[in-house]
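Heads up: the sequence shown is residues 4 to 203, going by our numbering. Glycine is no exception: its CB is placed at the ideal position from the N, C-alpha and C atoms. All of these numbers come straight from a predicted model, not from anything done at the bench.
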Amino acid sequence: MRNIIKNTMLLGSLFLMLTFSFIACTEGDGDKDYGLSYIYMPQATSTGGLNNNYLVPLGGGEYTYNFKVSEDKTQLQVILGVLRSGSMTGFAYTVDIVSQADLATQVVESGEIKDAMVLPQSFYSLPQSISVTGNNNGGTFYMSVSMDALKQEALVGKKLVMAVAISNPTAYELSPVNTNTVVVIDVDAILNIINNLGQN
4 MRNIIKNTML
14 LGSLFLMLTF
24 SFIACTEGDG
34 DKDYGLSYIY
44 MPQATSTGGL
54 NNNYLVPLGG
64 GEYTYNFKVS
74 EDKTQLQVIL
84 GVLRSGSMTG
94 FAYTVDIVSQ
104 ADLATQVVES
114 GEIKDAMVLP
124 QSFYSLPQSI
134 SVTGNNNGGT
144 FYMSVSMDAL
154 KQEALVGKKL
164 VMAVAISNPT
174 AYELSPVNTN
184 TVVVIDVDAI
194 LNIINNLGQN
């Protein structure tokens, strides 16, 4: 009789432990959808909200720089991207990518960036759009800038400015802010870093 009581208590305890284990494994608040889903450019926030300027180079070493050089060494590839805010169930989306020469001209003419000039259209290329799959929040694309163009003597000491924006999302909405990024390329600093990387 004593064994039957012990076994019953043991089975009851095991049942309670299993029940609480299953309850603990259910979806918690941390797993629920939250926030509003807006699409924006994370590089537009690199100054912490002061402006949309995105300085190139930025980073503390070869593996953290915000650019890379193409394998054939002919293109500087500035890292840009898009991101979806919030934690909602993801849908695939595509946004168009456009340059904004007018905004770049305004930034240069404002005088806020010393030795600045607008990056000539013939110096760079951008993809027309970027598509993000449903299981991702964001994706990366590149502004490709001619290395030969950057090495021109007339650009010594210059900072090249071009604004890049996103538009026409196929899903979600664009964020009210941070949908354009003002790329500011410090020519001397870039060439110095690339030359040093080439010597290592």
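Checklist entry - What does DSSP give as the partner residues of Tyr145 in its beta bridges? => result DSSP lists Ile82 as the bridge partner or partners of Tyr145.
Item to check | Residue burial classification, Lys243 (beta-carbon count within 10 angstroms, cutoff 16) | outcome: Any property of residue 243 remains undetermined from this structure, which presents the chain solely from 4 to 203.
Item to check | Cα-Cα separation, Val190 to Ser149 | outcome: 12 Å
Checklist entry - When DSSP labels each residue in this structure, what does Met120 get in the three-state scheme? => result strand
Next on the checklist: Measuring straight from C-alpha to C-alpha, what distance separates Leu122 and Ala157?
Outcome noted: 13 Å
Checklist entry - What are the boundary residues of the alpha helix (DSSP H) that includes Val111? => result Residues Ala104 to Ser113.
Checklist entry - Is it true that the CB of Pro45 sits closer than 9 Å to the CB of Gly93? => result Going by C-beta atoms, Gly93 is not nearer than 9 Å to Pro45.
Item to check | Exposure of Ala168, with buried meaning 16 or more beta-carbon neighbours within 10 Å | outcome: buried
Next on the checklist: Tell me the rounded alpha-carbon separation between Ile42 and Asn69.
Outcome noted: 20 Å
Next on the checklist: Using DSSP's beta-bridge definition, name the partner residues of Met44.
Outcome noted: In DSSP, Met44 forms no bridge with anything.
Checklist entry - Of the residues Val110, Glu112 and Ser134, which one's Cα is nearest the Cα of Ala95? => result When only C-alpha atoms are compared, the closest one is Ser134.
Checklist entry - Under the criterion of a Cβ to heavy atom distance below 8 Å, does Ile193 qualify as lining the ligand FMN? => result Ligands in the displayed structure: none, and consequently the ligand FMN is not present.
Item to check | Proximity of Val81 and Val186 at Cβ, strictly below 9 Å | outcome: In this structure, the beta-carbon distance from Val81 to Val186 falls below 9 Å.
Checklist entry - Buried or exposed: which applies to Val159, given that a residue is buried once 16 or more other Cβ atoms fall within 10 Å of its Cβ? => result Val159 should be labelled exposed.
Item to check | Distance CB(Ile193)-CB(Leu153) smaller than 9 Å | outcome: yes
Next on the checklist: Please list the terminal residues of the continuous beta strand (DSSP E) segment that includes Ala166.
Outcome noted: Ala166 -> beta strand (DSSP E) spans Lys162 to Ser170.
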